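> With the sequence shown counted from 1, adding 1 to any position gets you my numbering. Positions of the beta carbon are idealized from the N, C-alpha and C atoms, including for glycine. Bear in mind the structure is a predicted one, so any value in this text is a computation, not a measurement.
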Amino acid sequence: GGMEKIKQHTFALAHYTYTVLSALKYANGAPFVRIYSDTDFSNPDVQGPIINFNVLDENGEVIGFSEVDKMASLYNIHVRTGCFCNTGACQIHLGISNEDIQRNLQAGHVCGDDIDLVDGRPTGSVRISFGYMSSFEDAQTFLKFIIATRLSKSDTEIPFQSSVTKLTTESVPDDHPSFNNADKLSPVPHISDRELRNHSSVTKTTVNWQPPEAEAESIRAAVSESAVPTCRRGGKPITVTNIYLYPIKSCSAFEVAEWPVGNQGLLYDRNWMVVNQNGVCMTQKQEPRLCLVNPSIDLEQKIMVIRAEGMDPISVSLEENTEKEAVICESKVCSHRVKTYDCGERIAGWFSLFLGRPCRLIRQSSDMKNRSYQKNTKGLASATNISLSLVNEAQYLLINVASILQLKEHISARLEEPLEIEELIQRFRANIVISAPESFEEEEWAEISIGALRFQVVGPCSRCQIVCIDQQSGERNKEFLQSLSAARGRKTNFGIYLMNQPLCSSFPDILSVGSQVLPVLKENTEIQPPTSSEEKCSG
Numbered sequence: 002g003g004m005e006k007i008k009q010h011t012f013a014l015a016h017y018t019y020t021v022l023s024a025l026k027y028a029n030g031a032p033f034v035r036i037y038s039d040t041d042f043s044n045p046d047v048q049g050p051i052i053n054f055n056v057l058d059e060n061g062e063v064i065g066f067s068e069v070d071k072m073a074s075l076y077n078i079h080v081r082t083g084c085f086c087n088t089g090a091c092q093i094h095l096g097i098s099n100e101d102i103q104r105n106l107q108a109g110h111v112c113g114d115d116i117d118l119v120d121g122r123p124t125g126s127v128r129i130s131f132g133y134m135s136s137f138e139d140a141q142t143f144l145k146f147i148i149a150t151r152l153s154k155s156d157t158e159i160p161f162q163s164s165v166t167k168l169t170t171e172s173v174p175d176d177h178p179s180f181n182n183a184d185k186l187s188p189v190p191h192i193s194d195r196e197l198r199n200h201s202s203v204t205k206t207t208v209n210w211q212p213p214e215a216e217a218e219s220i221r222a223a224v225s226e227s228a229v230p231t232c233r234r235g236g237k238p239i240t241v242t243n244i245y246l247y248p249i250k251s252c253s254a255f256e257v258a259e260w261p262v263g264n265q266g267l268l269y270d271r272n273w274m275v276v277n278q279n280g281v282c283m284t285q286k287q288e289p290r291l292c293l294v295n296p297s298i299d300l301e302q303k304i305m306v307i308r309a310e311g312m313d314p315i316s317v318s319l320e321e322n323t324e325k326e327a328v329i330c331e332s333k334v335c336s337h338r339v340k341t342y343d344c345g346e347r348i349a350g351w352f353s354l355f356l357g358r359p360c361r362l363i364r365q366s367s368d369m370k371n372r373s374y375q376k377n378t379k380g381l382a383s384a385t386n387i388s389l390s391l392v393n394e395a396q397y398l399l400i401n402v403a404s405i406l407q408l409k410e411h412i413s414a415r416l417e418e419p420l421e422i423e424e425l426i427q428r429f430r431a432n433i434v435i436s437a438p439e440s441f442e443e444e445e446w447a448e449i450s451i452g453a454l455r456f457q458v459v460g461p462c463s464r465c466q467i468v469c470i471d472q473q474s475g476e477r478n479k480e481f482l483q484s485l486s487a488a489r490g491r492k493t494n495f496g497i498y499l500m501n502q503p504l505c506s507s508f509p510d511i512l513s514v515g516s517q518v519l520p521v522l523k524e525n526t527e528i529q530p531p532t533s534s535e536e537k538c539s540g
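1) Assuming A395 and V459 form a contact by the criterion Cβ under 8 Å, report the distance between their Cβ atoms to the nearest whole angstrom.
2) With hydrogens ignored, establish whether the beta-carbon of V80 is closer than 7 Å to any heavy atom of the ligand MN.
3) Which residues bound the alpha helix (DSSP H) around R347?
4) Mapping the DSSP letters down to three states, classify Q92 as helix, strand or coil.
5) In its own chain, which residues sit with a C-beta less than 6 Å from the C-beta of A258, not counting the 5 before and 5 after it?
6) Indicate whether the contact test is met: 3 or more Cβ pairs, each with one atom in the region 515–524 and one in the region 444–463, closer than 8 Å.
7) Does the distance from the CB of N55 to the CB of V34 come in under 8 Å?
8) Report the start-end ranges of each beta strand (DSSP E) in the region 265–308 that is 3 residues or longer and not cut off at the edges.
9) Specify whether the region 468–478 and the region 276–284 touch according to this definition: at least 3 beta carbon pairs, one from each stretch, less than 8 Å apart.
10) Across which residues does DSSP place V34 in a beta bridge pair?
11) Let me check understanding here. Comparing Cα to Cα, which of N87, A140, N99 and N60 lies closest to N77?
12) Which two residues bound the contiguous beta strand (DSSP E) that contains F495?
13) With DSSP as the reference, label C462 as helix, strand or coil.
14) Should M134 be labelled buried (16 or more other beta-carbon atoms within 10 Å of its own) or exposed?
15) Between the region 462–471 and the region 433–448, do three or more beta carbon pairs fall short of 8 Å?
16) Using C-beta distances below 7 Å, list every residue in its chain close to A431, excluding the 5 sequence neighbours before and after it, in chain order.
17) Would the region 101–121 and the region 21–39 be scored as touching if the rule is three or more Cβ pairs under 8 Å?
18) Taking Cβ positions, are F146 and L14 nearer each other than 8 Å?
19) Drop a sphere of 10 angstroms on the beta-carbon of E59, count the other beta-carbons inside from all chains shown, and report buried for 16 or more, exposed for fewer.
20) Please go through the same chain and pick out, in chain order, the residues whose beta-carbon is closer than 7 Å to the beta-carbon of G61, but skip the five residues on each side of it.
21) Are the CB atoms of Q265 and S366 nearer to each other than 8 Å?
22) In the DSSP assignment, what residue or residues form a beta bridge with F255?
23) Can you tell me whether DSSP reads G61 as helix, strand or coil?
24) Give a yes or no on whether the C-beta atoms belonging to R364 and W260 are separated by under 8 Å.
25) Have a look at P314 and I348 and give me their C-alpha separation to the nearest angstrom.
26) Judging by CA-CA distance, which residue of M305, W351 and P419 is the nearest neighbour of G311?
27) Within 8 Å (strictly less), CB to CB, does R415 reach chain B?
28) Among P296, I249 and V262, whose alpha-carbon lies nearest the alpha-carbon of V276?
29) Report the rounded CA-to-CA distance for L168 versus V21, giving the unit in angstroms.
30) Is C344 near L362, with beta carbons less than 8 Å apart?
31) Just tell me which of L416, G83 and I511 has its CA closest to the CA of H94.
32) Roughly how far, in whole angstroms, is the beta-carbon of I412 from the beta-carbon of L420, given that I think they are within contact range, below 8 Å?
33) Compare the C-alpha of I239 against each of C252, S253 and S440 and name the closest.
34) Please confirm whether Q427 and A254 have their CB atoms less than 8 Å apart.
35) CB V80 to CB V127, shorter than 8 Å?
36) Pull the bridge partners of R428 from the DSSP assignment, please.
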């Protein structure tokens, strides 16, 4: 039927989705979304098959587009986010002034990043598009995703409006000249209340979760310029409980009791990665079975041993082979080109056999001066000289056991089954796990010292769908990211990124389990000083 048929088909999908999306409301009558459009979707001659919108909470506050994008990926839905290379339209529809643009830039927001809210106001929006291959089933999948991620258990007990519970082709404008009876699309299956109740993410619990009061009084230590810590009264020391490195990016963790620190973080942490036949980095997002690959480092024999169930162990030398060095990777892993070399056919065959697809193991070259830390972070000295391995953001990721326990309670309630704390720790793939008395107190730290090592906090870790993967089985459960978003108040932050700033000291740069952690609080965080000398922590 040519372009006219395609126009009719795609516009019908857009009009249908627009009509239903506009009608979705919370129990208090607040809309699910705010749609940005110059038309009422009544004429395909002036409205294309796209819908631009932001998702709102029950109070009418915008939920950042990066969070919506992460949730959509759990449902295998691809959306576009940001300002879509159209800053003028973005300013008009979001009410962003030229001064706001300047303030957003000063806040660190640039095109293509995840800074979706500045002072609670959106910096962009979400867009869905329909093409000739799109179907009504695709439209309903998207609508079910919106409903499933916005409604709590109490909401599902309230009858939906008829326009929501009866999603049929009645919303298609048959009276428009572009449509005629012969070209009407077939009826669409209804989205029933029963289907919604069967959707686990809708019916588990409410999103208005508040963590219970901490049983112990909070403790935060502040390290002055003279390195003398000050603790709160009655506080217990904060210590390192676990240390993990991930020699191969996105593969299983290697747990150690102590480990040397190099110029890129823990020695050999994320020095290798698996790439597909096109040289593109493979992660658990594309291949969850990577978590079943268990690398371990033997410093004495100078080898990395790789194991997986059903496979013979295979070893890789820790010594570099620079003869095969080549630039073969450019991906989000590095934000720009990474200088690497191939580890050879033998190891490539091992990974290809285990994963069931052609792939190779490559290693980062030691000559990585071209990849340095670029983020503008207050107080991070010589940031551009800090070298990164194949990590996404920073040299280290730290999580707090107390924060894990709070999240464990919430996720267990949603899943209606108990969870082991070890499982959650593995899902969050941290390098350093600490035991602090108060949950999420790590988010108030500006820097920390562990032994002779000093670390600068460079920001929170915004989680992606990898936390949904069970690191023991490779099975995926999208409930984890949704629960994290609900527990953290619509954000998926968990853990903090660190950069290493070694102290001038005669101590070796070794990170050890049991070491005391001495944090410095952010400037706007108040602490209660000790009232007697007995309340000083030992240095």
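By the coordinates alone:
1) 5 Å
2) The ligand MN is not part of the structure shown, which contains no ligands of any sort.
3) E346 to L356
4) helix
5) V514
6) yes
7) yes
8) 273–277, 295–299 and 304–308
9) no
10) V56
11) A140
12) N494 to N501
13) strand
14) exposed
15) no
16) Y245, L398, L399, I400 and G496
17) no
18) no
19) buried
20) A31
21) no
22) L246
23) coil
24) no
25) 10 Å
26) W351
27) Although the question refers to chain B, the structure presented lacks it and comprises just one protein chain.
28) I249
29) Because L168 sits at a pLDDT of 37, beneath the cut-off of 50, its placement in the model cannot be relied upon, and the point is left open.
30) yes
31) G83
32) 6 Å
33) S440
34) yes
35) yes
36) DSSP, once it has assigned bridges, lists no residue as partnering R428.
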